[in-house]
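Just below is one structure, and these are the notes that go with it.
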Amino acid sequence: MDKVGKIIKYQLFDIFRNKWLLFYALFFFVVTDGLFRFGGGGAKVIISFMNIMLFIIPLVSILFGTMFLYNSREYIELLLTQPVKRRVLFAGLYLGLALPLVAGFVLGVSIPFALYDDGGQLATLGLLLLSGTFLTLMFTALAFFIALRNEDRARGFGISILVWLIFSFVYDGIILFASFSLADYPIEKPLIVASMLNPIDLARILILLKTDFSALMGYTGAVFQNFFGSSLGITVSLLTMLVWTMIPAILGTRTFEKKDF
Amino acid sequence: MKKKIAQYAFLILALLQGGSVAGQTADLVVGTDGSIPSLKQALELARPGDTILLKSGVYKEGAVLVDKSVQIIGQGFPVLDGEGEYQIMTVTADDVVIRGIEFRNVGVSFVEDNAAIKLEGVSGVRIVENRFIEAFFGVYLAQSQKTLIEGNEFYGTGTREATTGNGIHLWYCKEITIRNNKINGHRDGIYFEFVEDSKVERNLSWGNLRYGLHFMFSDRCEYLKNVFRQNGAGVAVMYTHNMSMHDNLFEKNWGSAAFGLLLKEITDSYITNNRFYKNSIGLYTEGSNRLHVRENTFEENGWAVKIMANSMESEFVHNNFINNTFDVATNSRQNFNTFDSNYWSSYTGYDLNRDGIGDVPFRPVRLFSYIVEKQQTAMILSRSFFIDILDIAERIVPMLTPETLVDAHPRIKKLNVPTGEKENEG
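In structure tokens, the structure reads:
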């Protein structure tokens, strides 16, 4: 564990030298601040911000993760010559990238909220930060996994973007198609399951249901509210998020352990 | 004859000097410690045209029948208590005045429409500045005309629709004026059925279980400058012709089956200068033809306007549509209504010649609203990027949304439309 910390520390030096993390945090700060200034009330800011967050976080995490792994190839090979377990090295590299990303996001969003909001949206903000954190962890892990599996950079980036497209757009298209083809059946419950299989959708629905937007969703909204509003629903959603983070992380570790550099 | 003249003179004097003076000039004074201890006794003694002064106190007299043209004036809000059992006052005489009395605990009945005050077949009655607390029905008018209901307050119990009556209930009436009342916690705040040529003005109706205002089969009525806030399902106007609705505020009627204003089978009516704010559906029209919807403001509603395909020849002109989730939704590719010169906050066009009118026509129906109309469950995809892309594609090349539902002259700047609702903030 000590060694994980050491690797994270060196990576932090590297990251702060590059200043991109600062820009990342600044971006969230400016966006949230701007939304509060021009967008008015708290609930509305949350919905607009949610849209931006669900777009930016997966994209930045997956692209940065892929890029980072390809760029630090020599650094990783150097560290592999040292007496460090591969598992430890992977954890250090992964957390060394994901944690600063999470920190940049959380700080960038929290400061404007602390400045403008009167605390009325605290629960929703918490949910927003939590989903953002999970999304960062998950998409960074996915990026590592993809980059480790593909020696060819172009191919790696292509797959990363494709994965992002699938989660952000294609999946919803399939859901829409399915809900039309199965219109004659009661599909609310299968839809709940389907929305859990995509962490971006899950985050979006959880946050929407926290606002009074759910009244617009009619019967479907009521079914969703019933499930996601209950303690069972919240537990299951958090577990799903966790599983979604664990799977690519574990797959990445496995690949890293076996990989012939 | 002389006596009658004297009486009229007195009546005129009393009217001129207003209610405050009634204390000194009353013909009969009812007080728990006085010579006439009950209102019933006073009514027996009274002659038509008399003024009865009811001193403060609690009167439990069961059902009171007012069958003479008298004025009943309360001093310091005396309480008439129905003990949860009776209809309190039944008026069968013309020109009765009831002022300054608190009515309480009307009996709840599933058979009878018990009311605090029931008017049966009368004319020229005035019900002014009373309070109605936990009344089953507040004021119930049946087959009456030329009556004024002004400045009253109604606070119902408001738990279940079946055990709560309407605040002001009109059935087969004509030329009624309802003004400056506050109504809360009833089933329908104000209910009209077969009413003609009546006016509802400057009332505040909020937190009622069903509708803030409910019109059925009531032609040539006008309602203006009212506030309808947080009612179970908003305001409903049904099966009515020649209505005028203007300067009202429809606010925060929010819920999965709530409306700002629901119109069903309405024809030749004017909806002008109203403000619809934060309703799940601002204006819903079904089978409603030749409506003139002008100079209204729709702000932050779920659906600003939901117009069913069986509504025709209506015009929507000079309205503001600001920050609604859906501006216009419809259930058909056909469109028989006109949208022109409105301001749409979601308009992204430009204005090269700077005449304030956008150069590109605006299509207010999003593809997504059409999808949701066809398949409700698709609503869970709202705010998804996939849907945003579909919407953009559809706006450029309309395939599914009604092609003719288009505002050819969208305004670039918000229209400055006057609304009278501000004067009646409660």
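Protein chains in written order, with the working numbering: chain A, 472 to 732; chain B, -6 to 419. Note that the Cβ used here is the ideal one computed from N, Cα and C, for glycine as well.
Beta-carbon separation of residue i and residue j under 9 Å?
i: asparagine 174/B; j: asparagine 201/B; result: no
i: leucine 432/A; j: phenylalanine 610/A; result: Residue 432/A is absent from the model: chain A starts at 472 and stops at 732.
i: tyrosine 270/B; j: glutamate 292/B; result: yes
i: glutamine 138/B; j: lysine 167/B; result: yes
i: phenylalanine 314/B; j: asparagine 335/B; result: yes
i: leucine 252/B; j: asparagine 267/B; result: Just to set this straight, residue 252/B is phenylalanine in the shown sequence, not leucine. Cβ atoms of phenylalanine 252/B and asparagine 267/B: not closer than 9 Å.
i: threonine 331/B; j: glutamate 308/B; result: yes
i: methionine 712/A; j: isoleucine 373/B; result: no
i: arginine 172/B; j: isoleucine 142/B; result: yes
i: glycine 603/A; j: valine 573/A; result: yes
i: glycine 563/A; j: glutamine 482/A; result: yes
i: leucine 383/B; j: valine 358/B; result: no
i: aspartate 224/B; j: tyrosine 204/B; result: Looking at the sequence itself, residue 224/B is asparagine, so the reference to aspartate does not match. Yes.
i: methionine 538/A; j: phenylalanine 638/A; result: no
i: threonine 323/B; j: proline 395/B; result: yes
i: glycine 160/B; j: valine 132/B; result: yes
i: isoleucine 527/A; j: phenylalanine 500/A; result: no
i: valine 714/A; j: isoleucine 663/A; result: no
i: leucine 284/B; j: tyrosine 263/B; result: yes
i: glycine 42/B; j: aspartate 87/B; result: no
i: valine 321/B; j: valine 286/B; result: no
On the CB-based measure, 16 or more other CB atoms within 10 Å of its CB, does residue i come out buried or exposed?
i: arginine 558/A; result: exposed
i: isoleucine 65/B; result: buried
i: threonine 716/A; result: buried
i: tyrosine 642/A; result: buried
i: valine 228/B; result: buried
i: phenylalanine 594/A; result: The question names phenylalanine, yet the displayed sequence has alanine at residue 594/A. Classification for alanine 594/A: exposed.
i: isoleucine 120/B; result: buried
i: leucine 668/A; result: exposed
i: lysine 367/B; result: exposed
i: asparagine 422/B; result: The requested residue 422/B does not occur in the structure, where chain B is confined to residues -6 to 419.
i: lysine 407/B; result: exposed
i: glutamate 659/A; result: buried
i: proline 661/A; result: exposed
Assuming residue i and residue j are in contact, meaning their beta carbons sit under 8 Å apart, how far apart are those beta carbons, in whole angstroms?
i: phenylalanine 130/B; j: asparagine 107/B; result: 6 Å
i: alanine 720/A; j: alanine 612/A; result: 4 Å
i: tryptophan 296/B; j: proline 403/B; result: With a Cβ gap of about 19 Å, tryptophan 296/B and proline 403/B do not count as contacting.
i: aspartate 240/B; j: lysine 218/B; result: 5 Å
i: aspartate 352/B; j: tyrosine 343/B; result: 6 Å
i: glycine 700/A; j: leucine 722/A; result: That pair is no contact at about 33 Å.
i: phenylalanine 684/A; j: isoleucine 518/A; result: 7 Å
i: threonine 150/B; j: glutamate 127/B; result: 5 Å
i: isoleucine 541/A; j: arginine 624/A; result: The question names isoleucine, but residue 541/A is tyrosine in the sequence shown. Their Cβ separation, rounded to whole angstroms, is 5 Å, which keeps tyrosine 541/A and arginine 624/A in contact under 8 Å.
i: glutamate 186/B; j: phenylalanine 210/B; result: 6 Å
i: valine 59/B; j: valine 89/B; result: 6 Å
Please go through the same chain and pick out, in chain order, the residues whose beta-carbon is closer than 7 Å to the beta-carbon of residue i, but skip the five residues on each side of it.
i: glycine 16/B; result: Bear in mind that a pLDDT of 42 at glycine 16/B, under 50, signals an unreliable position, so the model cannot answer this.
i: lysine 477/A; result: none
i: serine 666/A; result: Asp672, Leu673 and Ile676
i: glycine 419/B; result: The pLDDT assigned to glycine 419/B is 41, lower than 50, so where the model puts this residue is not dependable, and the model offers no usable value.
i: proline 411/B; result: Asn266
i: aspartate 731/A; result: none
i: leucine 9/B; result: For leucine 9/B, the predicted structure reports a pLDDT of 47, less than 50, and the residue's modelled location is therefore unreliable. The matter cannot be settled from this model.
i: phenylalanine 727/A; result: Arg557, Phe561 and Leu619
i: alanine 35/B; result: Leu21, Val23, Ile29 and Ile45
i: isoleucine 462/A; result: For chain A, the structure presents residues 472 to 732; residue 462/A sits outside this window and is missing.
Starting from the beta carbon of residue i, find every residue of chain D whose beta carbon is closer than 8 Å, and list them in chain order.
i: aspartate 683/A; result: Among the protein chains of the structure shown, namely A and B, there is no chain D.
Could you pull out every residue in the same chain whose Cβ sits closer than 8 Å to the Cβ of residue i, ignoring the five residues on either side in sequence?
i: serine 421/B; result: Look at the range of chain B in this structure, -6 to 419, and you will see that residue 421/B is not part of it.
i: tyrosine 421/B; result: A question about residue 421/B goes unanswered here, because the residues of chain B that appear run from -6 up to 419.
i: isoleucine 479/A; result: Gly563, Leu566, Gly567 and Leu570
i: serine 650/A; result: Ile658 and Leu662
CB-CB under 6 Å to residue i, same chain, minus the five flanking residues each way: which ones, in chain order?
i: asparagine 235/B; result: Asp212, Arg213 and Asp261
i: histidine 207/B; result: Asp181, Tyr184 and Ala229
i: valine 72/B; result: Val51, Glu95 and Arg97
i: tryptophan 247/B; result: Ser273
i: glycine 692/A; result: Ser685
i: glycine 464/B; result: The structure shown does not extend to residue 464/B, since chain B is modelled only from -6 through 419, so no value can be given for it.
Using Cβ-Cβ distances below 7 Å, what residues of the region 281 to 305 of chain B are close to chain A? Gly295
In chain order, what residues of the region 644 to 661 of chain A put their CB closer than 7 Å to some CB of chain B? Gly644, Ile646, Leu647, Ser650, Phe651, Ala654, Ile658 and Glu659
Could you run through the region 372 to 391 of chain B and flag, in chain order, every residue whose CB is less than 8 Å away from some CB of chain A? Met372, Ile373, Leu374, Ser375, Arg376, Ser377, Phe378, Phe379, Ile380 and Ile382
Mind listing which residues of the region 686 to 698 of chain A have their C-beta closer than 8 Å to chain B's C-betas, in chain order? Ala686, Leu687, Met688, Gly689, Tyr690, Thr691, Gly692, Ala693 and Phe695
Which residues of the region 669 to 682 of chain A have a Cβ closer than 8 Å to any Cβ of chain B? Give them in chain order. Asp672, Arg675, Ile676 and Leu679
Chain B contacts made by the region 523 to 547 of chain A, where a contact means CB separation under 9 Å: Leu525 and Phe526
At a CB distance below 7 Å, what residues from the region 706 to 732 of chain A approach chain B? Give them in sequence order. none
For the region 322 to 343 of chain B, which residues have a beta carbon sitting closer than 7 Å to at least one beta carbon of chain A? none
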